[in-house]
Amino acid sequence: MEFSQALHSRRSIRAFSDKPVPQEIINGILSDAIESPSSSNTQPYKVAVATGETCKQLGQELLSRYYKINKIQRQPLPLKLFNVATSKAMPDGDYKPILGKYPGIFQDRRMHTGKGLYDVLGIKRGDKKARDEAMSRNFTFFDAPVAIFVFIHPGMKFTALVDAGIMMQSLMLSATDKGLGTCPQGALGMWRSPLEKHFDIPNGYKLVCGLALGYPKEDEKVNQYRPNKIALEELLIRSK
Ligand SMILES: Cc1cc2nc3c(=O)[nH]c(=O)nc-3n(C[C@H](O)[C@H](O)[C@H](O)COP(=O)(O)O)c2cc1C
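Taking our numbering as reference, the numbering of the sequence shown is continuous, increasing by one, and the terminal residue is 230.
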């Protein structure tokens, strides 16, 4: 695939076929990702790759936590407060998500993108149940046979986050080039403890993001969704 074609055709995939991804293809994609630039070549990231039974088990563990916290959200206040304080299902990720609205135009873009996605999925604005169901699919990686979890060493401060982002994009473009689909998933940063059961995570490393990897399910409308990108003028800071 031409590089530009890979760049333009990559889109987040949210429906995967159950076709397994051969280990040598996974290794090829990861080897491509390793070629990424990083601050002073520190490469302050590590990845945990879940396939087969591990992927299935992790998906079920994360999904069950999602259902539990969803139930807690709907409880009357005193019970909710009690469960928030005591439930083992509460998020234990390393980075807290932004609660509530994003600042300024970012909230508008978020809403617009979310609405576009729900429209494609045929989910009405007030249909909380269907929205929860759609959200829950994050935790089984949209049925992808491979889930990748990205960790950084926070001692490298903000540069580690930049480096991890660049590495993830290389990984996603390499996957696109090989006919695979990906979805970067912040949602997979919500819980760390289920990962600790399956992986020997080195000391100090923090979970930043997850990523689903697999072959896109053909003819799924959700995979045709093409959210707007900003115009060049919006990217540029005007000169004085
Ligand atoms: C850091 C990061 C976290 C994301 N988290 C999620 C997520 O949890 N669930 C999801 O469905 N998509 C997630 N996405 C995908 C974005 O929604 C998607 O990249 C955006 O809407 C642009 O669409 P595109 O990837 O198809 O170009 C995430 C993307 C990034 C870069």
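Glycine included, C-beta positions come from ideal geometry on N, C-alpha and C. None of these values were measured; they are calculated from a predicted model.
Exercise. Please indicate yes or no: does the CB of T103 lie closer than 8 Å to some heavy atom of ligand 1?
Key: Remark: the shortest separation between the CB of T103 and any heavy atom of ligand 1 falls under 8 Å.
Exercise. Could you say which of I220, C45, S21 and I156 lies nearest to D133 if we only look at CA atoms?
Key: Minimum Cα distance to D133 is reached at C45.
Practice problem: Determine the DSSP secondary structure at S77, reduced to helix, strand or coil. | Solution: Coil.
Quiz item: Helix, strand or coil: which one does DSSP assign to S7?
Solution: Of the three classes helix, strand and coil, the one that applies to S7 here is coil, per DSSP.
Practice problem: Assign Q175 to one of three DSSP states: helix, strand, or coil. | Solution: Three-state DSSP puts Q175 in a strand.
Practice problem: Report yes if the C-beta distance between V136 and V212 is below 9 Å; otherwise report no. | Solution: No; because the gap between Cβ atoms is not below 9 Å, this pair is not in contact.
Practice problem: Please list, following the chain, all residues that have a C-beta closer than 6 Å to any non-hydrogen atom of ligand 1. | Solution: Here the residues come out as R1, S2, R4, T103, N128, C173, P174, Q175, G176, A177, C199 and P217.
Quiz item: What residues in its chain sit with their C-beta under 7 Å from that of I19, if we drop five residues either side in the sequence?
Solution: If we look at I19 and ignore the five residues flanking it on each side, its Cβ neighbours are L161, S164, A165 and K168.
Exercise. Could you tell me which of T41, Y35 and A221 sits nearest to I142, measuring between CA atoms?
Key: Cα-wise, what sits closest to I142 is Y35.
Quiz item: CB-CB under 8 Å to Q50, same chain, minus the five flanking residues each way: which ones, in chain order?
Solution: T130, listed in sequence order.
Quiz prompt | N17 classed as buried or exposed, judged by whether at least 16 other C-beta atoms fall within 10 angstroms | solution = Exposed: under 16 other Cβ atoms inside 10 Å.
Quiz item: Is the beta carbon of M180 less than 9 Å from the beta carbon of Y57?
Solution: Against a cut-off of 9 Å, the Cβ pair of Y57 and M180 comes out as no contact.
Quiz item: Can you tell me whether DSSP reads I191 as helix, strand or coil?
Solution: In the structure shown, I191 sits in coil (DSSP, three-state: anything other than H, G, I, E or B).
Practice problem: Identify which residue in H(-2), N31, A221 and A40 has its Cα closest to the Cα of A202. | Solution: If we check each option's Cα against that of A202, A40 comes out closest.
Self-check item: Ranges of the beta strand (DSSP E) found wholly within the segment 78 to 154, counting only runs of at least 3
Solution: Counting only runs of 3 or more residues that sit fully inside the segment 78 to 154, the beta strand (DSSP E) segments are 136 to 142, in chain order.
Quiz item: Secondary structure at T41, three-state DSSP: helix, strand or coil?
Solution: In the structure shown, T41 adopts extended strand secondary structure according to DSSP, grouped into three states.
Practice problem: Please determine, among A5, P144 and E224, the residue with the shortest C-alpha to C-alpha distance to N193. | Solution: Of the listed residues, the one whose Cα sits closest to N193 is P144.
Quiz item: Does the distance from the CB of G176 to the CB of C199 come in under 9 Å?
Solution: In this structure, G176 lies near C199, with their beta-carbon atoms less than 9 Å apart.
Exercise. Name, in chain order, the residues that DSSP records as bridge partners for A202.
Key: As DSSP reads the structure, A202 sits in a beta bridge with A137 and C173.
Practice problem: Compute the Euclidean distance between the alpha carbons of S126 and E210, then round it to the nearest angstrom. | Solution: Computed Cα separation, rounded: 18 Å.
Quiz item: Given 8 Å as the limit, is there contact between the segment 96 to 106 and the segment 3 to 15, that is, 3 or more CB pairs closer than that?
Solution: Contact between the segment 96 to 106 and the segment 3 to 15 is absent, because fewer than three Cβ pairs lie under 8 Å.
Exercise. Keeping to the same chain, check which residues put their C-beta closer than 8 Å to that of I233; ignore five residues upstream and five downstream.
Key: As shown, the chain starts at -9 and ends at 230. That puts residue 233 outside it, with no answer to give.
Quiz item: Hey, P206 and A5 are a contact pair by Cβ (cut 8 Å); roughly how many whole angstroms apart?
Solution: Separation of the CB atoms of P206 and A5 is rounded to 7 Å, and the pair is thereby assigned contact status at 8 Å.
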